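Visitor: First residue of the sequence shown: -5, per my numbering; consecutive thereafter.
Take this structure first; my questions come after.
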Amino acid sequence: MTGIKGTMDAYIEGFDWGCGVTKLYLHLDSPLAELKADDVRVLEKKKTTDFTDVPAFPVIDTESYRTVLGAYLVDEEGRKTEDPSKEAVITMAASPSEGSPLLFNMHTQFNTWSDPYELHISIKGQETEIDPVFKNKTTSADMFKEDTFKASDGISYRYVHFEPEGGSDVTLVWLHGLGEGGTENTDPYVTVLANKAAVFAQENFQKNVAKVNVLSPQCPTYWMDNDGKKGNFKNMTINADNTSYYTDSLLELIEKYKALTGSKKVILAGCSNGGFMTMVLTIARPDLFDLCIPVCEALADKDISDEDIAKIKDKPLYFVYSADDTTVPPEKHEIPTIRRLKEAGASDLHAAVSEHVFDKSGRFFDKDGKPHQYAGHWSWIDMYNNDCDADGLKVFDFIRMHL
């Protein structure tokens, strides 16, 4: 048995349910004559939350073998080769239960990069010593650039943004959910990888729906935080009102980005905590936003005044939610708010309501062979895939018709 050493880089791909490490690029100290999938094993070691231990939800160390789909040698330019090479690629499956490098902590409610996150590679016939921690990563969201902004009130943001070639006079602002906030062991790329928000910068949306700039700020805590110190968060629950500590500073960032890109129109969209903030910002500055898409929004109807309804009733609004959402029950949120908007004479109001949220890609299945069913709160999946329907009007068509 011969020995081989090396390092690796990783590719992280975004999916409906989150992200997964789907490809490894090996850089070896000596050439391999060949490499086949059947000869490769990848043991993943990481931190995960034990969701079976209720209500403790401890963070534990886990390890499991990844599903290897392919393994092959490449030349120095990354092209597949039959010749001996020091460069190789391993491809792996990812699913809602396999391959995520993120840790969702129930106690903080944040997604962070798992630390450690290790992939131990063994190759049949080789004593393999490949560093299990990847040196570099590329992702399916790398079309975004990262930047920072400090508002006049001192609040600082990290954010990712995308500008299409040739520019655009439209900006789409995407506001993430609770899990994508925070400042420790995270970065703003998590806002477009922890669920598939990167879709707005990808070719299908940019060419077929709208050529837009995309701005995705990362909240230092969470958008529903009313004091900036997480004072209304206790026992994994937020006791929110209709205010956010971040309203003024976030509006300032959006206005600056609008000016920087020369945008004449702004689309505001967000899910859950971000849906809450979509509603709060729309009420605060209805003049700034041309259309708004609250997804599983978390602003309780009891916290919306009649004056608030009057401010937004003529704004193009497209609500997205699932009837089985137990995290943000529609009976306390969208249903009464939409009713009040209708009663106030809302002129451009739409609601896409699903019974359940499940995989429509044909790729992910539950144990019984049926399409994988997600939590009812995850209606952002339908939004990303344009699977929501408001009396025949798709959400992407709603966007297109207002630009």
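For every residue, glycine included, the Cβ atom is placed at its ideal position computed from N, Cα and C.
None of these values were measured; they are calculated from a predicted model.
With H, G and I counted as helix, E and B as strand and the rest as coil, what does DSSP make of Phe156?
Guide: Phe156: strand per DSSP, three-state reduction.
Visitor: Quick one, are the C-beta atoms of Pro280 and Ile306 less than 7 Å apart?
Guide: yes
Visitor: Does DSSP put Val208 in a helix, a strand or coil?
Guide: strand
Visitor: Checking 7 Å against the spacing of the C-beta atoms, do Glu249 and Ala145 come in under that value?
Guide: No, the pair does not count as a contact, with Cβ atoms beyond the cut-off.
Visitor: Ignoring anything shorter than 3 residues or poking outside the segment 86 to 117, list the beta strand (DSSP E) runs there in chain order.
Guide: 96 to 99, 104 to 107 and 111 to 117
Visitor: Could you spell out where the alpha helix (DSSP H) holding Pro330 opens and where it closes?
Guide: Glu328 to Glu337
Visitor: What's the gap between the Cα of Leu22 and the Cα of Ala82?
Guide: If you take the alpha carbons of Leu22 and Ala82, they lie about 8 Å apart.
Visitor: Which term fits Glu197, buried or exposed, when burial requires 16 or more other beta carbons within 10 angstroms of its beta carbon?
Guide: exposed
Visitor: Taking contact to mean 3 or more Cβ pairs, one atom from each stretch, closer than 8 Å, check whether the segment 343 to 355 and the segment 363 to 381 are in contact.
Guide: yes
Visitor: Just checking my contact of Ser134 with Gly12 at CB under 8 Å: how many whole Å lie between their CB atoms?
Guide: For a cut-off of 8 Å, the C-beta gap from Ser134 to Gly12 is around 12 Å, too long to register as a contact.
Visitor: Kindly confirm or deny that the segment 90 to 97 and the segment 162 to 172 touch, where touching means at least three C-beta pairs closer than 8 Å.
Guide: no
Visitor: Just confirm the distance between the C-beta atoms of Tyr240 and Ile149, as a whole number of angstroms; I'd bet it's less than 8 Å.
Guide: So it is a contact: roughly 7 Å between Cβ atoms.
Visitor: Going by the beta-carbon positions, is the gap between Asn380 and Phe390 smaller than 7 Å?
Guide: Cβ atoms of Asn380 and Phe390: closer than 7 Å.
Visitor: Which value, in whole angstroms, describes the spacing of the CA atoms of Asp235 and Asn226?
Guide: 9 Å
Visitor: Distance check for Thr85 and Gly(-3), CA to CA, integer angstroms please.
Guide: 22 Å
Visitor: When the Cβ atoms of the segment 324 to 344 are set against those of the segment 295 to 302, are three or more pairs found closer than 8 Å?
Guide: yes
Visitor: Going by beta carbon distance, what residues of the same chain come within less than 7 Å of His101, once the five residues before and after it are set aside?
Guide: Phe51 and Met230
Visitor: Do the CB positions of Leu262 and Thr272 come within less than 7 Å of each other?
Guide: yes
Visitor: Between which residues of its own chain and Met(-5) is the CB-CB distance below 8 Å, once the five residues before and five after are set aside?
Guide: Unreliable placement is indicated for Met(-5), whose pLDDT of 49 sits below 50; the coordinate value is still reported in the next sentence. The answer, listed in chain order, is Gly119, Gln120 and Glu121.
Visitor: Pull the bridge partners of Leu244 from the DSSP assignment, please.
Guide: Beta-bridge pairing links Leu244 to no other residue.
Visitor: Ignoring anything shorter than 3 residues or poking outside the segment 272 to 330, list the beta strand (DSSP E) runs there in chain order.
Guide: 285 to 289 and 311 to 316
Visitor: Does Lys252 come out as helix, strand or coil in the three-state DSSP assignment?
Guide: helix
Visitor: Compute the beta-carbon to beta-carbon distance between Gly175 and Tyr216, rounded to the nearest angstrom, for a pair I have assumed lies under 8 Å.
Guide: 5 Å
Visitor: Got a sec, what are the start and stop residues for the beta strand (DSSP E) Lys405 sits in?
Guide: The displayed coordinates of the chain run from -5 to 397. Any statement about residue 405 would go beyond what the structure contains.
Visitor: So for Leu48, helix, strand or coil by DSSP?
Guide: The sequence given here has Val at residue 48, not Leu. For Val48, the three-state secondary structure derived from DSSP is coil.
Visitor: Return the bridge partner residues of Ala3 from the DSSP annotation.
Guide: For the sequence presented, residue 3 should be read as Asp rather than Ala. Tyr19.
Visitor: Could you tell me if Thr276 is buried or exposed, where buried requires 16 or more neighbouring beta carbons within 10 angstroms of its beta carbon?
Guide: buried
Visitor: Hey, how far is the Cα of Phe128 from the Cα of Lys39?
Guide: 13 Å
Visitor: Pick helix, strand or coil for Tyr239, following the three-state DSSP scheme.
Guide: coil
Visitor: Would you check if the distance between the CB atom of Asp383 and the CB atom of Ala346 is smaller than 7 Å?
Guide: Cβ atoms of Asp383 and Ala346: closer than 7 Å.
Visitor: Cβ-heavy atom distance between Gly12 and the ligand NAP below 6 Å?
Guide: As for the ligand NAP, it is missing from this structure, which has no ligand bound.
Visitor: Are the beta-carbon atoms belonging to Val322 and Met377 less than 7 Å from one another?
Guide: no
Visitor: Between Ser116 and the rest of its own chain, which residues show a CB-CB distance below 6 Å, the 5 nearest in sequence each way excluded?
Guide: Arg35 and Thr122
Visitor: Expressed to the nearest angstrom, what Euclidean distance is found between the alpha-carbon atoms of Glu28 and Leu113?
Guide: 21 Å
Visitor: Under the assumption that Pro214 contacts Thr185 (Cβ atoms under 8 Å), give the Cβ distance between them as a whole number of angstroms.
Guide: Going by Cβ atoms, the distance from Pro214 to Thr185 rounds to 12 Å, so no, they are not a contact pair.
Visitor: Just curious, the alpha helix (DSSP H) that Val184 is in, first and last residue?
Guide: Val184 to Leu187
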